[in-house]
Amino acid sequence: MEKEKLVFIVDDENIILSLVEYVIGSQAGIRLQTFSSVDECLAALSMEPDLVVTDHHFGNQGDQPATGLDLLRSIRKVQKDLPVLVLSSHDDPLLKEQYRKEGATGYLTKNDYFVNDLEDTIKKYLNL
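Okay, structure coming up:
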């Protein structure tokens, strides 16, 4: 039996984390780990996720506002090949381009159907 793929979901909105857990967490071959902050995710990278899905905006995290870009940059310093998807309510072409330049694997916009898009994209990147 093949090992389950570990996917980190990072978002400061509990409703988003719960929705993603409900829909995608039940998929065969996928194990989800959720985090509500950039720091929590970074502290858990030793778990060696197969994919990270992050929000863009995280409100204040300690003294500094944190973003998915901060997380992506920190991940790229230690794991160049780890796929990182951005899931954000910001449908801004300039922001998407900035993430692409920083090494994001993909960018999805939170809309009415984002969970279906996210599920398909996760399966694609995990070869499921």
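So in the numbering used here, the last spot in the sequence shown is 156, and the numbers never skip.
Beta carbons are placed, not taken as given, at the ideal position from N, Cα and C, and that holds for glycine.
query, result
"Out of curiosity, what's the CA-to-CA distance linking residue 103 and residue 97?", "10 Å"
"How big is the Cα-Cα spacing for residue 57 and residue 46?", "19 Å"
"Opposite residue 126 in the DSSP bridges: which residues?", "Answer by DSSP bridge pairing: none, since residue 126 is not bridged."
"Rank 106, 109, 115 by C-alpha distance to the C-alpha of residue 37 and give the top, closest one.", "115"
"Once you ignore the five residues that flank residue 83 on each side, which residues in its own chain have a CB closer than 7 Å to its CB?", "38, 39, 40, 96, 115, 116"
"Using only the alpha-carbon positions, how far apart do residue 133 and residue 113 sit?", "5 Å"
"Apart from the five residues on each side of it in sequence, which residues of its chain come closer than 6 Å, Cβ to Cβ, to residue 145?", "136"
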